[in-house]
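Using mature numbering (1 follows the signal peptide of the UniProt record, and there is no 0), the letters of the sequence shown map in sequence onto residues -36 to -1, 1 to 857. What follows is a short report on a single structure.
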Amino acid sequence: MSTEYARDVHPSRRRMRSYGLVMAATAMAAMGSLTAAPASATTAATTATPVTAMAAPPSGSTTVVNKNSGKCVDAFAAATANGTAVQQYRCNDTDAQLWRFQPTDSGYYRVGSAIDPAQVWDDKDVSPSDGGQIQLWSYSNGANQQWKPVDEGNGFYHFVNRFSGKCLDVPAASTADSVRLQQYTCNGSAAQSFSMGAPAAPAPAPGTPDLGPNVLVFDPSTSAATVQSAVNGVFGKQERNQFGGQRYALLFKPGSYDVNVNVGFYTQVLGLGLSPDDVTINGTVHAEADWFDGNATQNFWRGAENLSVTPPNASDRWAVSQAAPYRRMHLRGNLALDDGGWSSGGLIADSKIDGRVNSGSQQQWLTRGSQIGGWSGDNWNHVFAGVGGAPATSFPTPSYTTVGTTPVIREKPFLYVDQAGDYRVFVPALRRDAQGASWTSGTTAGSSIPIGDFFIAKPGNTAADLNAALEAGKNLLFTPGVYHLTDTIKVTRPDTVVLGLGLATLQADNGVMAMSVADVDGVKVAGLLIEAGTTKSPVLMQVGPAGSGASHADNSTSLHDVYFRIGGPIAGKAAQSLVINSSDVIGDHMWLWRADHSDNDHPGTVGWTTNPADTGLVVNGDDVTMYGLFVEHYQKYQVIWNGDGGRTYFFQNELPYDPPTQSAWMNGATKGYAAYKVADSVTQHEAWGLGSYAFFNVNPAVVEAHSFEVPDKPDVKFHSLITVSLGGKGTISHVVNNTGAAANSGSTESTLKNYPAGSTGTITNRASGKCIGAAGGNTVNGTAVDLYSCVGDATQQWTVSSDGSIRTAGKCLDVANSATNDGAKVQLYDCNGSAAQKWYFTPAFDIVNPHADKCLDLTGNSTADFTKVQLWSCTGASNQKWAAPSGLPSAAS
């Protein structure tokens, strides 16, 4: 989504956020003001411990290692800016842990970062007190910036500050990562004792992985001020860092934390519990658009996962656009999805929101497999799949499309810490006909993999390293960073897990394919951004080789939070982003993006010939299911679907902004390319909640003939479609094929409820006025259909189509076992186009199944609530007379 145009449905007035004030106050208390340099202290305070023995530190750069913890003195996030926290962290051979000692006088030294030696250890705010924090600050000859190393023998030293006379100290003798150093009265403890030189990195405890310097792990014993300072430090680097190379993951071990987490670019906030309720944030975990004056249309590439959040004012905010999932979360309050300006998201999945969700200006949104306390707001396309508390289908006004259950889904694998303190990865099992979050009724079904079964990748690892690990039977865990690949990562073993932390990015250099997955069962790929290099790649990722034909229905390969990017940071080039040849693949939230913009730090990376890309997604496998498919700005078809039995729950698209002329964007004799193309050979395909938008800002005279191009076959069905001409810049002549009005400068929106044409409403017994719906509101296969007072339940809304189908909540009205006898059960079942799911409407108000030549009937001639619906020989009685939406055939076909 670009910021050049987005629909403004709210005033531009910004709302004050009290939790933001709380966060600011907490941060100030933890960090102090960082806007003015400390005064140069020229007079030392009274020295608490005599300082006599001194030693010459090593020349050149050196590490400084605490005796008690075995961890290195470290510049937080490898930063050198004024105010950067000096902390301890597991030794990792990075420049952030190298220091240069330069003598001043009388045995004192300034201790500067090897990255920028002018930035030195500094007693913050020229404090004379115990607990004064240590930071980096530009050297100004202050006594508070000078330290004397005192030799303790056996290679250890303590460091005495010239101003305060106090010693460099690890608070509470902590052994945890990310603990900020302080000064404290010299006491001879190991927490004040340090060695200099290049130590061997201490071996992590059994079951504890080395996740590298870009993963910050917090536990409940860490002070709130330390956690808040670390979190604020990451956000300060990432708030505006849209196309930078820095990546971070913030991990919270089970317990409770008083912290407010503002989530910036390329930052993933994760709880390390087996359940979201194992980690409680008493504060906020939020995404804001302050950096862009409330406009959230570029709040990409971030995430919150596996946490419970108790916000102080019972409200939190997740104002995001694409590639920013709110996943496996328990929010004890309300959630706002915008920040007063435009927004273009988004995903909530496997979550529980106790309060209401307010979508605000969100143009579109998918909520899947969750429980919500209510929903308000709509715009163009809001889809609910398997969501308790969702509003009923009412598209296009409001723009809600509700499907009762998800037919098949696997939730995303996640890292956690077990009761023994060991790190493991949990892999959820497949769920069928699912509604609600996977974890609210007990432990999620699935399997657990010890961290020792993973190769933990760090930036600098090559494709050869990764493939060697895969060949040795390892899974892959990518720590945050950018990985340059000059060969393809080849996943060939069934059930392999490939999991990224902190938006780990795989860049396909030299025109290679970044990753290929064999046609095997149960591979899981999650949490990766796959980037095209400057040499054109034919394909960035492939699932199954061409010609794959095996069934994987019992153990599907699944892709979760997998994103693709062509252009933006670099002038990337790739013909196709993702090709799926295997059958039964599940896509769980993907954004495939040919960049429409960059920033001032990355000029010349975007343009019609600068970052060329033909097609985002090509599906050749059968029975592939997509939840949350975002595909934008490709230059030909955005999506090509060649496989049979495909299903899509939510599709968002923007056409390319930049066709220079109509002649440059022609598909033979057809103007432009459809956003979503279903091949003529396909016989069965169904999709719910689809939007395609045009913003031809380079040449507004450009026209697209239609956004959806599909074969006219009975079992190719689309529900809730919208096309939009953003700001009237450009024309989409039709919605599907030659059906649907134009979206253009005169009328910017066009919608279709169903294709082929049908209509939606209640089916009522004419005698009683009562509605039929799914018994108990359930939507699993085999659920009986019964009569009940019309209460607006989602399963009392039926869509009838000219193909003879009657549908609710993504299921079809079905005669059990294709029976033809009187009394045969009428139920809900997956739509399959069989004769048991065909109906027609007579002028006498009968609904007839032509296969059985029998009528829809109320058992026992009853009209009481909960009366079951059955098949029965047509009698003309009142219990067989119905009022239904128009659209069914009027005779057997």
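We treat Cβ as the ideally placed atom computed from N, Cα and C, and that holds for glycine.
Between Y657 and V700, how many whole angstroms is the CB-CB distance? I'm expecting something under 8 angstroms. Separation of the CB atoms of Y657 and V700 is rounded to 16 angstroms, and the pair is thereby denied contact status at 8 angstroms.
For L556 and V595, believed in contact at Cβ under 8 angstroms, the rounded distance: 5 angstroms
Return yes when the Cβ of V812 is within less than 9 angstroms of the Cβ of I736, no when it is not. Not in contact: I736 and V812 (Cβ atoms no closer than 9 angstroms).
CA-CA distance, G585 and V549? 8 angstroms
Terminal residues of the beta strand (DSSP E) in which N718 lies: 713 to 719
Look up residue 901 in the DSSP assignment and say whether it is helix, strand or coil. Residue 901 lies beyond the range of the chain shown here (-36 to 857); nothing can be said about it.
Residue burial classification, P289 (beta-carbon count within 10 angstroms, cutoff 16): buried
Inter-residue Cα distance where the pair is Y221 and Y103: Going by the C-alpha atoms only, they are around 35 angstroms apart.
Check each candidate in P173, K112, T190 and name the one with the smallest Cα separation from L145. T190
Excluding sequence positions up to five away, which residues of its chain have a Cβ less than 8 angstroms from the Cβ of A8? Any reading at A8 must be qualified, since the residue scores a pLDDT of 33, below 50, and its modelled position is unreliable; the value itself is stated next. Cβ neighbours of A8 beyond the five flanking positions: A107, R126, F127, S128, G129.
C-alpha gap between D778 and T784, whole angstroms: 12 angstroms
Does V503 pass the burial test, meaning 16 or more other C-beta atoms within 10 Å, or should it be called exposed? buried
Burial state of T625, where buried means 16 or more other Cβ atoms lie within 10 Å: So T625 ends up on the exposed side.
Under the three-state reduction of DSSP, which class applies to D786: helix, strand or coil? coil
Taking the CB atoms as reference points, tell me whether L440 and T460 lie closer together than 9 angstroms. yes
Those runs of the beta strand (DSSP E) which lie wholly inside the segment 239 to 301 and span at least 3 residues: Every beta strand (DSSP E) of 3 residues or more that sits fully in the segment 239 to 301 is shown, in chain order, as 243 to 245, 248 to 250, 266 to 273, 279 to 281, 290 to 295, 298 to 300.
Out of curiosity, what's the CA-to-CA distance linking F830 and D750? It is roughly 5 angstroms from the alpha-carbon of F830 to the alpha-carbon of D750.
Distance, Cα to Cα, N270 vs A841? Approximately 55 angstroms, taken between the alpha carbons.
Should the segment 724 to 742 be regarded as contacting the segment 707 to 714, the criterion being three or more beta carbon pairs within less than 8 angstroms? no
Residue interval of the beta strand (DSSP E) (run including N196): N196 -> not in any beta strand (DSSP E); alpha helix (DSSP H) instead, spanning 188 to 202.
For P502, which three-state DSSP category applies? strand
In three-state DSSP terms, what is N701? coil
Could you pull out every residue in the same chain whose Cβ sits closer than 8 angstroms to the Cβ of G(-5), ignoring the five residues on either side in sequence? Residue placement at G(-5) cannot be trusted, given a pLDDT of 30 that sits under 50; the coordinates are not used to answer.
Report the three-state DSSP secondary structure of V603 (helix, strand or coil). strand
Between W555 and chain B, is there a C-beta pair that is closer than 9 angstroms? Of the protein chains in the structure, only one exists, and it is not chain B.
Quick one: any contact between the segment 418 to 438 and the segment 400 to 410, if contact means 3 or more CB pairs under 8 angstroms? Taking 8 angstroms as the limit for Cβ pairs, the verdict is that the segment 400 to 410 does not touch the segment 418 to 438.
Considering only residues of the same chain and omitting the five flanking positions on each side of G119, which have a CB-CB separation below 6 angstroms? Within the same chain, G119 has close Cβ partners S159.
Tell me K488's beta-bridge partners as DSSP assigns them. V461, S522
Continuous beta strand (DSSP E) stretch holding L215: start and end: 212 to 216
Examine the Cβ distances between the segment 620 to 637 and the segment 665 to 685 and report whether three or more of them are shorter than 8 angstroms. Taking 8 angstroms as the limit for Cβ pairs, the verdict is that the segment 665 to 685 does touch the segment 620 to 637.
Measuring only the C-alpha atoms, how far is V15 from Q52? The predicted model places V15 with a pLDDT of 38, which falls under 50 and marks its position as unreliable; any figure quoted below should be read in that light. The alpha-carbon atoms of V15 and Q52 are separated by roughly 24 angstroms.
Does the separation of the CB atoms of S138 and T186 fall below 9 angstroms? Taking 9 angstroms as the Cβ cut-off, S138 and T186 qualify as a contacting pair.
Can you tell which of A478, H294, G551 has the C-alpha that lies nearest to the C-alpha of F614? Checked all of A478, H294, G551; the closest Cα to F614 is G551.
What's the call for E618, buried or exposed, on a 16-neighbour Cβ count within 10 Å? Flag for E618 reads buried.
Between the beta-carbon of S307 and the beta-carbon of N259, is there less than 9 angstroms? yes
Please classify V755: is it buried, with 16 or more other beta-carbons within 10 angstroms of its beta-carbon, or exposed? exposed
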